[in-house]
Structures are given as C-alpha cells and as structure tokens.
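Enquirer: Numbering (numbering that gives the first Met the number 0) for the sequence shown: 0 to 264. Can you keep this structure in mind? I'll have questions shortly.
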Amino acid sequence: MSTSPPTGPLVTRDTLAAQVRDLGVRPGETLLVHSSLSSIGWVCGGAVAVVRGLLDALGPDGTLVVPAHTGDLSDPALWTRPAVPEEWWAPIRAAMPAYDPRITPTRGVGVVPETVRTWPGALRSAHPHTSFAAIGPRAGRVVEGHAPDCRLGERSPLARLEELHARVLLLGTGYDTCTGFHLAEYRIPAPLVELGRPGPAGWEVRAEVSLTSERFDELGHDFERDRPVRRGTVGAAEARLFPLADAVDYARRWLEIHRPRAEEI
0 MSTSPPTGPL
10 VTRDTLAAQV
20 RDLGVRPGET
30 LLVHSSLSSI
40 GWVCGGAVAV
50 VRGLLDALGP
60 DGTLVVPAHT
70 GDLSDPALWT
80 RPAVPEEWWA
90 PIRAAMPAYD
100 PRITPTRGVG
110 VVPETVRTWP
120 GALRSAHPHT
130 SFAAIGPRAG
140 RVVEGHAPDC
150 RLGERSPLAR
160 LEELHARVLL
170 LGTGYDTCTG
180 FHLAEYRIPA
190 PLVELGRPGP
200 AGWEVRAEVS
210 LTSERFDELG
220 HDFERDRPVR
230 RGTVGAAEAR
240 LFPLADAVDY
250 ARRWLEIHRP
260 RAEEI
C-alpha cells in the first residue's frame, strides 16, 4: 500500500469558486466548461465539489453547460481502442442500445460532465453522439432543437451558446477539447461522411459534416496570441476563459487558411 502523500494542492468547493471568480467568471452568465478533474489537484468532494463550486460562482441566474458526448454509440467497424473482431460487428450493431438522454452515460469527456448530466434538474440535448448537458435558467434554450444530423453546427447547442454570448472555460484542458472550434468547421466548405449508430428502429446511417480536432492546438496558440484570453490557475490546473463567439470567428478564418479541408481524412 502506498504511503505517498496526495498530489496537491488541496481544493475545496469554496476555493474553486473563489478562483474561477478571480479568473473572471461572472454571476448570471452562461458558461461552457471543458474540464479535467485530475488536473485540478486533490479535490475534497471530487467532481461534485467542482460542479458545486462552478454553480456557486455562476449564482442562481447563471447556466452551466458541459459536453455530454457518447462516442461509443458508433460503428464497431471503426473502433480501434480496442478493435473488435469483424464477426462481432453485426451482432454489436443489432444489440447496441439506442441513445436515451436520461440514462445513456457520457464517454470520453471526464467525470465532471457525467456529474452534471446526472445533476437534479439538468437537461440534455438529443444528438446521440455529441449531446450537451446544462443546469440553470437557460438550460432549456441551450439544449433544445439539437438536430440528429447536426453534431456541432448551426442546429446544435453550440450555436445557441453563441447567441447567448456564452464564454468558454478550459479547466485543466487544452484547446484540443474546445468544441467551439468545430462550429467553425460548419461555416467553411466541408465534406460529408456517413456515420452509423443505433436508432429507435434499429441500426441507422446518417450523413454528417466531417469533423476533426487536427491542429486545434496550433489554432488555440494563435487564438490566444491574437485575441483576449484570461489565464490563471484553479487549484493546480491551468485555466483559460474567453468568449465562445470570439473563438468561433477566429477559428473559421484560421481553418480556411491553415487547414484546407483536402487535408482531412
């Protein structure tokens, strides 16, 4: 049994709320949070304390939004971590449960979004791959109308967040997690790809805009160089705060120049 002391600093609900306020989070605003719990330090109360601290900083008039993605509801033929035998593909497609916003767990976005998803009063959008969950008075407006053939575009919560002048908080994560950059991909010429998933009537295939996070780290570096981004620390985590609309506008022009769609697979 290890006797090593825990990795600090010690973070509580109150210290987290104070530090995100110091970073610039304002009561009453709408905030899209991408987070890494392990990056924050030793959090007393874990993900629940993080969510409570964020809600404290936003106050009763603020709205907290997180990605609640479920990328595992996908075609097993494309799985690589780990891959499954080809003879399993058909039975997996036949047996995979369809997306249910009330009970389908998140995957690949961390424990804080999963905690938000299950929070009393939380609402969740309808897309089976790229849903968002929200808590607060504007939650309904954020999540409603998420079209089944629009992962992260004009008929997704990202566009509603842009309309609401939401800001983005990267809490211990890099720009590769910034979903707002994907909204920019919908605003430049983009190829379509066919994506399989379980539906209410069985396996279905939908055409969607091709998306990739390739070079988002470079995009984020240039965005931070050229646009106002508030930086600080929350616990041990590096944190960044910026308007979503700024990120989308900058990314649209950057991607047109630096990452032509022909580069994508």
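Note that CB positions come from ideal geometry on N, CA and C, so glycine has one too. The model shown is predicted, which means the values in this text are computed figures rather than measured ones.
1. What are the boundary residues of the beta strand (DSSP E) that residue 66 is part of?
2. If we ignore side chains and look at the alpha-carbon of each, how far apart do residue 53 and residue 134 end up?
3. Determine the direct distance from the alpha carbon of residue 237 to that of residue 152, and round the result to whole angstroms.
4. Which residues bound the beta strand (DSSP E) around residue 134?
5. State the DSSP-derived secondary structure class of residue 163, mapped to helix, strand or coil.
6. Kindly identify the DSSP beta-bridge partner or partners of residue 242.
7. Rounded to the nearest angstrom, what separates residue 163 and residue 29 at their Cα positions?
8. Between the Cα of residue 126 and the Cα atoms of 118, 207, 62, which residue gives the shortest distance?
9. Just the Cα atoms here: how many angstroms apart are residue 263 and residue 243?
10. On the three-state DSSP scale, how would you describe residue 124?
11. Using CA coordinates, which residue listed in 92, 31, 27, 26 is at the minimum distance from residue 156?
12. Residue 176 and residue 169 look like a contact to me (Cβ under 8 Å); what is the Cβ gap, rounded to whole Å?
13. List the endpoints of the continuous alpha helix (DSSP H) containing residue 54.
14. Could you check which residue in 46, 21, 25, 222 has the C-alpha nearest to that of residue 33?
15. Between 86, 82, 108, 123, which lies nearest to residue 102 when the distance is taken from Cα to Cα?
16. Give the range of the alpha helix (DSSP H) segment to which residue 186 is assigned.
17. Is DSSP giving residue 34 helix, strand or coil here?
18. In the DSSP assignment, the alpha helix (DSSP H) including residue 82 goes from what residue to what residue?
19. Around the Cβ of residue 256, are there at least 16 other Cβ atoms within 10 angstroms (buried) or fewer (exposed)?
20. Going by DSSP, what residue range makes up the beta strand (DSSP E) through residue 196?
21. Just verifying my parser: in three-state terms, what is the DSSP assignment at residue 140?
22. Since residue 196 and residue 203 are thought to touch, with beta carbons under 8 Å apart, how far apart are those beta carbons, to the nearest angstrom?
Expert: By the coordinates alone:
1. 62-66
2. 11 Å
3. 28 Å
4. 131-134
5. coil
6. 166
7. 7 Å
8. 207
9. Caution applies to residue 263, whose pLDDT of 41 falls short of 50 and renders its modelled position unreliable; the model cannot decide the point.
10. coil
11. 31
12. 7 Å
13. 45-57
14. 46
15. 123
16. Run containing residue 186: none; DSSP gives neither H nor E here.
17. strand
18. Unbroken run through residue 82: none, as it is neither H nor E.
19. exposed
20. 191-198
21. helix
22. 6 Å
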